[in-house]
């Protein structure tokens, strides 16, 4: 079993796992590097589970023990970087320098943004971008839904869609009318939803309702195991990084993803 196969197995079997094994799955999906590099004791502590649960977790996916599963995570780590040793050396050098001279706030946030962009390269594929763009290209109207800190990227998406002459509506909460505006979604339309933890209930309810009506849904979110993912025709996972408790660094990755999606859509509309 290779890493991509294991990742698909984790996502596909998530709903059938016990609560404890779901907890481990969420940690594994969010922290694959930890799963590859740390000891079972450290991983168990960070996942807030006993080490024996990690062994049970590995065996539930057909491995003889945790060490055997960890080798698959290590293979995935090597695959994701053609020069991992150089990256580790660079990181160690940065950490050493940080021990001597504290990094400025700007440098810390820049490093966090770079980390977020590296994560985007590993979590979203060209095929997913192409599939999402294909769905958008066939839409009569694209309804873009987001709330709270996800709203800025939704506003940009409507701006970009308008420049492509794609009919679109930004579903906001002006006048407390989010749910009512969501009722305007019709057959032939598409919902493009952006939501991050803590997930906006309004957006979650909307994607659930429109998915039941067989209306295509594209989701941009922080985890394929999150509450919006099961309702998505295409789920684009953009993981968050955190610096000093601030999680807004994901906006750089979201903008990168949005530009990629809009450019791909523009290519389709030209044909």
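Numbering (our numbering), first residue to last: 4 to 274. Virtual Cβ for every residue (Gly too), placed ideally from N, Cα, C. Model, not experiment: these values are computed from the prediction.
| Check | Outcome |
| --- | --- |
| Around the C-beta of residue 50, are 16 or more other C-beta atoms found within 10 angstroms, so that it is buried, or is it exposed? | buried |
| How close, in whole Å, do the beta carbons of residue 181 and residue 205 come, if the pair is a contact with beta carbons under 8 Å? | 5 Å |
| Entirely within the segment 118-175 and at least 4 residues each: give me those alpha helix (DSSP H) ranges in chain order. | 129-140 and 154-166 |
| Please report how far the alpha carbon of residue 160 lies from the alpha carbon of residue 136, in whole angstroms. | 13 Å |
| Could you give the distance in angstroms between the alpha-carbon of residue 271 and the alpha-carbon of residue 16? | 34 Å |
| Going by other Cβ atoms of all chains shown within 10 Å of its Cβ, with 16 needed for buried, is residue 158 buried or exposed? | exposed |
| For residue 85 and residue 79, I'd like the C-alpha separation in whole angstroms. | Confidence is the limiting factor: at residue 85 the pLDDT is only 48, short of 50, which leaves the residue's position unreliable and the question unanswerable from this model. |
| So residue 210 and residue 220 are supposed to be a Cβ contact under 8 Å. How far apart are they, rounded? | 5 Å |
| Within a Cβ cutoff of 7 Å, which residues of the same chain sit near residue 54, ignoring the five residues on either side of it in sequence? | 43, 44 and 47 |
| According to the neighbour-count rule (16 or more other Cβ atoms, all chains shown, within 10 Å of its Cβ), is residue 170 buried or exposed? | exposed |
| Write down every uninterrupted run of the alpha helix (DSSP H) in the segment 179-257 whose length is 4 residues or greater and which is fully enclosed by it, in chain order. | 181-185 and 204-215 |
| Between the alpha carbons of residue 138 and residue 261, how many angstroms are there, rounded? | 15 Å |
| Does DSSP classify residue 35 as helix, strand or coil? | helix |
| Take the Cβ of residue 153 as the centre, count every other Cβ of all protein chains shown within 10 Å, and call the residue buried at 16 or more, exposed below. | buried |
| Can you say whether residue 187 is buried or exposed, counting buried as having 16 or more other CB atoms within 10 angstroms of its CB? | exposed |
| Residue 119 and residue 256 look like a contact to me (Cβ under 8 Å); what is the Cβ gap, rounded to whole Å? | 5 Å |
| Can you tell which of 208, 107 and 37 has its C-alpha closest to the C-alpha of residue 234? | 208 |
| Identify whether residue 42 lies in helix, strand or coil by the three-state DSSP scheme. | coil |
| Whole angstroms are fine: how far does the CA of residue 127 sit from the CA of residue 167? | 23 Å |
| Which residue's Cα is closest to the Cα of residue 190: 217, 179 and 198? | 217 |
| If you drop the 5 nearest sequence neighbours on each side, which residues of the same chain put their C-beta closer than 6 Å to that of residue 195? | 145, 147 and 221 |
| Is the beta carbon of residue 150 less than 8 Å from the beta carbon of residue 232? | no |
| For residue 107, does the three-state DSSP call read helix, strand or coil? | coil |
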